[in-house]
Amino acid sequence: MSSPIRQLLELITESVETLEKVCAKNGTAIPNLYEPFAPPSEAFRVDPVAAEAASVISAAALHLEAILTPPQVSLYRMVGGHFKSTALRACLESNVTEILREAGPQGLHVDDIAAQNGQDPKKLGRFLRYLATNHVYRELQPNIFTNTRISSMLDTLKPSKEILADPARKHDNTMGLAALASHHLDEAFKASAYSWETLADPKTVRSEDPTAAPFGRAFKTTDTLWDFHARPEENIRHHRFGIGMKGIQALQPADAILTAFDWKSLPPGSVVVDVGGGIGSVAMPLAAQFPLLKLIVQDLPGVIKEAQEVWSAQMPNAIKLGQVKLEAHDFFKSQPQTNASVFFMKQIFHDWSDQYCLKFLKQLRAAATPKTTLLLMESVMPFACHDPSADSNDGVPGAVPKEAPAPLLANYGAVNEMGYNADIDMFLLFNSQERTILHIDELLRNTGWKMTVVHRQPGDSTFLQSIEAVPV
Ligand SMILES: C[S@@+](CC[C@H](N)C(=O)[O-])C[C@H]1O[C@@H](n2cnc3c(N)ncnc32)[C@H](O)[C@@H]1O
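Each step along the sequence shown adds one to the number in the UniProt record's numbering, with nothing skipped, and position 222 is 222.
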């Protein structure tokens, strides 16, 4: 048996060969770290073989680093998470990426960047160098910096003069990723500083209440993030959050719902209830594709009012003909729809701690017929180890994700870190969480549901799986 570093090297060698072959066959290119992101630079990943090879190479490289880097340095890569956030926030909020884009590939001296954004060049240069040490920017010559593929993700693509003049509108009409990063580096960053204080306090350590999240302690409020954002003086944060959320939604094709369940198997006239369905953006493609289903979108009254405007503008006939009903309903209260073929809940679980999930699951169970399917769409968090339930044949189909080859971590390690980031973010802001499949299964069992199948998007181990359950 060869040593772990040889095994990892072999995985890298094999996967690099595969990646190069697939890219040559498809006419796609391996990205250049020193060129800004553009959609074609990610095109190679559309091929699942290339995507898998890239994941294995990255996971193996990170694993090698963990073996070979002095442990105190590795530890400080973790301890220093907030040091990196500090540097990144300074560059994001002072529009360094946009200024460097305008400077072109020869880069710009930090004095000239600072002359444009009003920052102190002595401080800004240190932030940029620290980030360049992590490939986020590049120091071309002493004190001359340029963007990389990573820093270019912060680019609003707007003229720097415009956003420097009107920072409150910086993120308007953008893709939303910079807005999302700006929100995380503000509300979530500050909340994270109070996470241990929240966990060390007997009053909050085991609380599952949204008002007991570290966010409240950081911002000295008993408001939830939602109520806090609704304050008139928090309009700018609220506006930025909305743009960031739209950015995330844009990454999830609304029509993923079409393959989340075998809708064709439902007889005409079947009732599908989208519980906590927002303004109905997920129900819309379903209504268009399956006109014989009867869809009921439920949400809180204010959201349903907004939904009415959206549907009367975009699909007025669906409402007029009674194919779609928009219904104000609080999902913690008794469920009025007692003839549903499907109760559908997308991204509701992750907003709530267990005690709240149990409440709405019980309401749905009480209103279910013996033939009702409960359909959930959530990000299912993989274990960081091999899942032994994959070794038996009596598990729920699809419950175990594709695992990485040994000796890699079964979940591909930090290559798949985004889902785990979201999990901690949920704790910080809402005292809620993303869940493993075992955890979701336990909530279902405790409320009279039995999980029957997990549908996974090809090549995607963490992001928005659909889970079917039936009453027991
Ligand atoms: C993360 S969004 C998901 C929206 C939609 N399912 C989707 O995936 O686009 C959560 C939704 O739950 C709704 N919500 C929160 N509390 C609720 C309650 N008690 N009853 C009904 N809906 C609620 C919110 O208004 C929001 O639209």
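All residues carry an ideal CB built from backbone N, CA and C; glycine is no exception.
**OP:** With DSSP collapsed to three states, give me the class of residue 147.
**Re:** In this structure, residue 147 counts as strand in the three-state DSSP scheme.
Subject >> Cut-off 7 Å between Cβ atoms - residues of its own chain near residue 150, not counting five sequence neighbours on either side >> reply: 135, 136, listed in sequence order.
Original post:
DSSP beta-bridge partners for residue 367?
Top reply: None, per the DSSP bridge assignment.
**OP:** Pull up the distance between the alpha-carbon of residue 196 and that of residue 184, whole angstroms please.
**Re:** Between residue 196 and residue 184, the alpha-carbon positions lie close to 18 Å from each other.
**OP:** May I ask you to report which of helix, strand or coil DSSP gives residue 157?
**Re:** In this structure, DSSP gives residue 157 a state outside helix and strand, which the three-state scheme calls coil.
Original post:
In terms of residues, what are the limits of the beta strand (DSSP E) holding residue 376?
Top reply: Element bounds for residue 376: 373-378.
**OP:** Please go through the UniProt domain "O-methyltransferase dimerisation" (78-154) and give each complete alpha helix (DSSP H) segment of 4 or more residues, from N-terminal end onward.
**Re:** Entirely contained in the UniProt domain "O-methyltransferase dimerisation" (78-154), the alpha helix (DSSP H) runs reaching 4 residues are, in chain order, 81-93, 96-103, 110-117, 121-132.
**OP:** Determine the contact status of residue 382 and residue 401, defining contact as a CB-CB distance below 8 Å.
**Re:** The answer is yes: Cβ separation under 8 Å.
Original post:
Can you give the Cα-Cα distance for residue 158 and residue 178, rounded to whole angstroms?
Top reply: Roughly 12 Å separates the two Cα atoms.
Original post:
Rounded to whole angstroms, how far is the Cβ of residue 415 from the Cβ of residue 454, which I believe are closer than 8 Å?
Top reply: Wrong, their Cβ atoms sit about 21 Å apart, outside the cutoff.
Original post:
Whose C-alpha, out of 233, 290, 129, 76, is nearest the C-alpha of residue 88?
Top reply: Selection 233, 290, 129, 76 evaluated against residue 88 yields 129 as nearest (Cα-Cα).
Subject >> Same chain, Cβ closer than 6 Å to residue 36, five either side skipped, listed in chain order >> reply: For residue 36, where only same-chain residues beyond five positions count, the Cβ hits under 6 Å are 147, 152.
Subject >> Inter-stretch contact at 8 Å, needing at least 3 Cβ pairs: the segment 319-327 / the segment 249-258 >> reply: Flag = no, the segment 319-327 and the segment 249-258 do not touch.
Original post:
Out of 249, 122, 120, 145, which has the shortest C-alpha to C-alpha gap to residue 132?
Top reply: Measuring from the Cα of residue 132, the nearest candidate turns out to be 145.
Original post:
Looking at the structure shown, is residue 469 part of a helix, part of a strand, or coil, going by DSSP?
Top reply: Of the three classes helix, strand and coil, the one that applies to residue 469 here is strand, per DSSP.
**OP:** With a 10 Å radius around its C-beta and 16 neighbouring C-beta atoms as the bar for buried, classify residue 10 as buried or exposed.
**Re:** Around the Cβ of residue 10, a 10 Å sphere holds fewer than 16 other Cβ atoms; the residue is exposed.
Original post:
Excluding sequence positions up to five away, which residues of its chain have a Cβ less than 7 Å from the Cβ of residue 398?
Top reply: The answer, listed in chain order, is 453, 454, 455, 456.
**OP:** Check the C-beta distance from residue 208 over to residue 431 and give it rounded, since I have them as a contact under 8 Å.
**Re:** 6 Å between Cβ atoms; contact.
Original post:
Under 8 Å between the Cβ atoms of residue 428 and residue 261?
Top reply: Between residue 428 and residue 261, the gap from beta carbon to beta carbon reaches 8 Å or more.
Original post:
Residue range of the alpha helix (DSSP H) that residue 18 falls in?
Top reply: Counting along the chain, the alpha helix (DSSP H) containing residue 18 begins and ends at 4-26.
**OP:** Indicate, with yes or no, if ligand 1 has a heavy atom lying under 7 Å from the CB of residue 380.
**Re:** Residue 380 Cβ: outside cutoff for every heavy atom of ligand 1.
**OP:** Tell whether a beta-carbon distance below 8 Å holds between residue 41 and residue 99.
**Re:** No, they are not a contact pair.
**OP:** State whether the segment 368-383 contacts the segment 298-306, with contact taken as three or more CB pairs (one from each stretch) at a distance under 8 Å.
**Re:** Result no; under three Cβ-Cβ pairs closer than 8 Å.
Original post:
Mapping DSSP to helix, strand and coil, what is residue 166?
Top reply: Three-state DSSP puts residue 166 in coil, outside helix and strand.
**OP:** Consider the C-beta atom of residue 346 and the heavy atoms of ligand 1; say whether any pair is separated by less than 7 Å.
**Re:** Yes, the beta carbon of residue 346 sits closer than 7 Å to at least one heavy atom of ligand 1.
Original post:
Got a sec? Which residues, its chain only, sit under 6 Å from residue 8 by beta carbon, not counting five neighbours each side?
Top reply: Setting aside the 5 residues that flank it on each side, residue 8 is surrounded in the same chain by 60, 63, 64, each with a C-beta closer than 6 Å to its C-beta; the list follows chain order.
Subject >> Reduced DSSP category for residue 391 - H, G, I as helix; E, B as strand; rest coil >> reply: Three-state DSSP puts residue 391 in a helix.
**OP:** Taking residue 327 as part of the beta strand (DSSP E), name the residues at either end of that continuous run.
**Re:** First-last of the beta strand (DSSP E) with residue 327: 324-328.
**OP:** With DSSP collapsed to three states, give me the class of residue 49.
**Re:** Helix.
Subject >> the segment 228-241 touching the segment 118-125, judged by at least three CB pairs closer than 8 Å >> reply: Contact fails: fewer than three Cβ-Cβ distances are below 8 Å.
Subject >> Supposed contact pair residue 331 and residue 363 - C-beta distance, whole angstroms, cut 8 Å >> reply: Contact between residue 363 and residue 331 is confirmed by a C-beta separation of about 7 Å, below the 8 Å threshold.
Original post:
Does the Cβ of residue 433 have 16 or more other Cβ atoms within 10 Å, making it buried, or fewer, making it exposed?
Top reply: It is buried - the Cβ of residue 433 has at least 16 other Cβ atoms within 10 Å.
Subject >> Beta-carbon gap between residue 311 and residue 280 smaller than 8 Å >> reply: Contact flag set, yes.
Original post:
According to the Cβ coordinates, are residue 295 and residue 275 closer than 8 Å?
Top reply: Their beta carbons are not under 8 Å apart, which means residue 295 does not touch residue 275 by this criterion.
Original post:
With respect to 7 Å, is the separation between the Cβ of residue 281 and the closest non-hydrogen atom of ligand 1 below this value?
Top reply: Remark: the C-beta of residue 281 is in contact range of ligand 1, defined as less than 7 Å to any heavy atom.
Original post:
Where DSSP assigns a beta bridge to residue 455, which residues make up the other side?
Top reply: Residue 455 is bridged by DSSP to 466.
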